[in-house]
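Have a look at the structure below, then the notes.
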Amino acid sequence: MTDHDEFPDLIDDFDIAPVRLTVDLQALADNWRDMGQRSGSARAAAVVKADAYGLGLEDCGSTLYEAGARDFFVAVAQEGATLRAYAPDARIFVLSGIWPGQERIFFENDLVPVLASEEQLAFWMAVIAEHGDYPCALQVDTGFNRLGLALEEALALAEDVSRPASFSPVLILSHLHSGDTPSSPTNRAQLESFRQVSAAFEGIESSLSASAGIFLGPDYHFDLTRPGIALYGGESVSGMAPLRPVATAEARIIQIRDAGIGETVSYGATHRLTRQSRLAVASIGYADGYLRSLSGSGIPLRADGSPGAFGFVAGQSVPVIGRITMDLTIFDVTDLPEGAVRPGDYIELFGENIALDDAARAGGTIGYELLTSLGLRHERRYLQAE
Ligand SMILES: *Cc1c(COP(=O)(O)O)cnc(C)c1O
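First residue of the sequence shown? That's 13 in our numbering, and the numbers climb one at a time after it.
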């Protein structure tokens with residue numbers, strides 16, 4: 013039997029975690045202020061859906077609230093209920109709208125449904141007929157073909173004199189599908205459609221732009237902007253440098269091993285070594301959101317010979333080799349000086365040195381997906397904002 017009292021108990025979990033995530037809340041607050049300035053005369057909201065893009069709704073939500081955000085967007089009502097405790101007098105919009113049976117969670121947490129279809133609108137009319145006036149928002153589809161009333165439906169509603177007086181939308185919104193591509197003519201077309209709706213609902217605030225749209229200029233700002241990814245340090249416009257990085261993900265190197273010419277690495281033996289190599293095995297895998305599509309070989313994406321993702325350790329970038337597995341990934345550290353990396357060291361997967369979106373691109377995806385895939389095994393450390 014081991015006497016448990018012999019074990020040290022003052023070790024910080026973060027210092028020994030297999031996988032860990034540092035979230036720089038100061039950078040988050042700064043990025044929100046930055047997007048606020050870029051929004052000109054419009055107010056900037058904060059989009060915190062999907063657990064604040066995987067970085068933690070409580071910590072990120074309260075930081076954004078402290079920084080001054082008073083309008084928040086979540087995807088589903090439950091996220092809004094969680095956020096309410098951290099943003100007491102803020103307006104919280106629920107982008108997926110409301111379903112029968114959800115009245116209680118909306119009313120108890122003072123959430124604003126973003127009504128997005130004729131069915132939701134009809135249900136909402138019944139709710140306010142029974143419970144009285146309550147704020148809502150309206151989403152109008154201007155070309156995305158995702159959520160929203162059709163343009164004609166929205167214009168008809170604006171002119172419908174028979175609609176109940178207690179129906180009082182506080183915000184009209186739409187969403188650009190190609191805001192990340194400033195040269196796309198569809199942005200202007202969506203803008204023109206949205207202007208019509210915005211004018212038809214005169215006196216009610218309107219909102220068109222997410223992160224990318226804010227960079228399209230003042231025409232796109234209206235009353236309220238809805239930045240998400242830019243706050244978390246991701247790229248919003250193709251080819252444009254992101255704001256400050258917010259998240260740094262690292263994994264612990266469990267083992268360093270030598271392997272010889274002709275030996276193979278990982279499942280399927282898809283990487284054959286052509287030199288005497290040193291390999292670092294890190295405790296991160298696709299179960300932690302380090303997507304299998306980031307693998308160095310052995311997946312369809314690598315058929316064109318392009319490299320997989322890189323990690324950063326001992327001051328250098330090193331490639332993933334072979335397939336990423338559920339809990340483990342192998343990096344080629346042969347080019348590092350002997351002894352530069354040791355078992356127990358941490359390797360950065362993305363953050364200060366490996367741009368989030370560069371890592372994502374290696375896996376054929378976007379920073380949004382990498383962040384929201386992070387999973388539950390990460391030990392998190394939040395660097396507090398001042
Ligand atoms: C997710 C989302 C946003 C935020 O988008 P980003 O590209 O992350 O800035 C804004 N509006 C709507 C409707 C969304 O779904």
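Glycine included, every Cβ here is placed at the ideal spot set by N, Cα and C.
Here the C-alpha atom of Leu107 lies approximately 29 angstroms from the C-alpha atom of Ala367.
Taken through DSSP and simplified to helix, strand or coil, Asp122 comes out as coil. In the structure shown, the three-state DSSP call for Ala58 is strand.
Counting only runs that start and end inside the stretch 154-219, the alpha helix (DSSP H) elements of at least 4 residues fall at 163-171 and 198-212.
Between Leu306 and Ile336, the beta carbon gap of about 6 angstroms places them in contact (Cβ cut-off 8 angstroms).
DSSP places Gly317 outside any beta strand (DSSP E), giving it a letter other than H or E.
For Met338, same chain residues with a beta-carbon under 7 angstroms away, outside a window of 5 residues either side, are Gly297, Tyr298 and Ala299 in chain order.
By the C-beta criterion, the stretch 318-328 is judged not to be in contact with the stretch 270-290, since fewer than 3 inter-stretch pairs fall below 8 angstroms. Along the stretch 86-135, the beta strand (DSSP E) occurs as fully enclosed runs of 3 or more residues at 103-106 and 123-127, listed in sequence order.
Taking the Cα positions, Leu123 is about 29 angstroms away from Asp192.
Less than 9 angstroms divides the Cβ of Gln38 from the Cβ of Leu395. Per DSSP, reduced to three states, the secondary structure at Val139 is helical.
Counting the other CB atoms within 10 Å of its CB gives Ser250 a total below 16, which places it among the exposed residues. Counting the other CB atoms within 10 Å of its CB gives Gln202 a total of 16 or more, which places it among the buried residues.
Runs of the beta strand (DSSP E) spanning 3 or more residues and lying entirely within the stretch 327-359 occur at 328-331 and 341-344, in chain order. Between Gly80 and Arg50, the gap from beta carbon to beta carbon reaches 9 angstroms or more. By the C-beta density criterion, Met252 is exposed, having fewer than 16 other C-beta atoms within 10 angstroms. Gly356 is the residue among Ala397, Ser385, Gly356 and Ala374 whose C-alpha sits nearest the C-alpha of Phe26. Cα atoms of Glu350 and Ala326: separation of roughly 11 angstroms, rounded to the nearest angstrom.
In this structure, DSSP gives Leu291 an extended state, which the three-state scheme calls strand.
Put simply, the backbone Cα of Ser218 is about 25 angstroms away from that of Leu69.
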